[in-house]
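Residue numbers for the sequence shown follow my numbering, so the first one is 797 and each next one is one higher. Note that CB positions come from ideal geometry on N, CA and C, so glycine has one too. On a predicted model such as this, the values are computed, not experimentally measured, just so you know.
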Amino acid sequence: MMTRTSSKRMWLVIIGALLIGAFFAFKKAQDFQTQVAQKEGQRQRLRQELTKGNQFNADIGELDNFTINEQTATVLEILRHLELEDSTMKYQTRAKTNRKVGSTTVYTRRFSLEGTMSYQDALNQVDWLHNTNKVVLNKITLEPGEGYGNIVNLYVEGTLYGLDKG
């Protein structure tokens with residue numbers, strides 16, 4: 797039979813064991829909460845890296861659309877890049893230079909385009925070249941054509957950029 801003293805001792809041992817168990821459970825929960833916070837931070841960092849990677853790929857694709865491939869840069873390819881292969885305008889490369897930007901070589905071509913067309917077509921052509929972002933327009937000259945009417949001579953000087961896309 798248990799005496800009052802032994803009963804008290806037993807309850808103190810049970811309460812002590814429960815307190816120790818609660819302390820260990822609390823510590824485990826804190827450790828688990830810390831691990832969850834670390835994993836959440838790691839997930840956010842990975843999501844940011846993924847977003848940056850997607851933005852980088854989009855920027856590379858956009859740069860690819862704005863530049864020509866220097867390995868296949870014939871006059872016809874340049875005219876196709878500018879979507880002028882069916883045009884009556886004459887293309888001529890004035891100067892070609894290259895410079896290193898980091899580990900990439902950027903090729904710069906100064907070019908001229910000239911042709912005779914209606915005034916409206918000339919304005920549309922210049923507007924289209926300006927809005928494509930494929931060239932930088934440096935100089936535009938419109939001169940009256942021969943005779944009467946709205947025929948003009950259009951002369952465009954600009955800069956075209958290229959990369960080795962091999």
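Problem set entry | Length of the line joining the Cα atoms of T830 and S802 | Straight-line measurement puts the Cα of S802 at about 42 Å from the Cα of T830.
For this session: Indicate the three-state DSSP secondary structure (helix, strand or coil) for K961 in the structure shown.
Result: Look at K961 here: in three-state DSSP terms it is coil, with no helix or strand label.
Exercise. Secondary structure at N949, three-state DSSP: helix, strand or coil?
Worked result: Looking at N949 - three-state DSSP - the assignment turns out to be strand.
Exercise. By Cβ distance, which residues of its chain are closer than 7 Å to N934, with the 5 residues on each side in sequence left out?
Worked result: Cβ neighbours of N934 beyond the five flanking positions: E953, G954, T955.
Exercise. Would you say the stretch 848 to 861 touches the stretch 944 to 953, given that touching needs at least three Cβ pairs under 8 Å?
Worked result: Not touching, per the Cβ criterion.
Problem set entry | Test item: CB-CB of T893 and T904 under 8 Å | Closer than 8 Å, so yes.
Problem set entry | The beta strand (DSSP E) enclosing Q888, as first and last residue numbers | Per DSSP, Q888 belongs to the beta strand (DSSP E) from 886 to 897.
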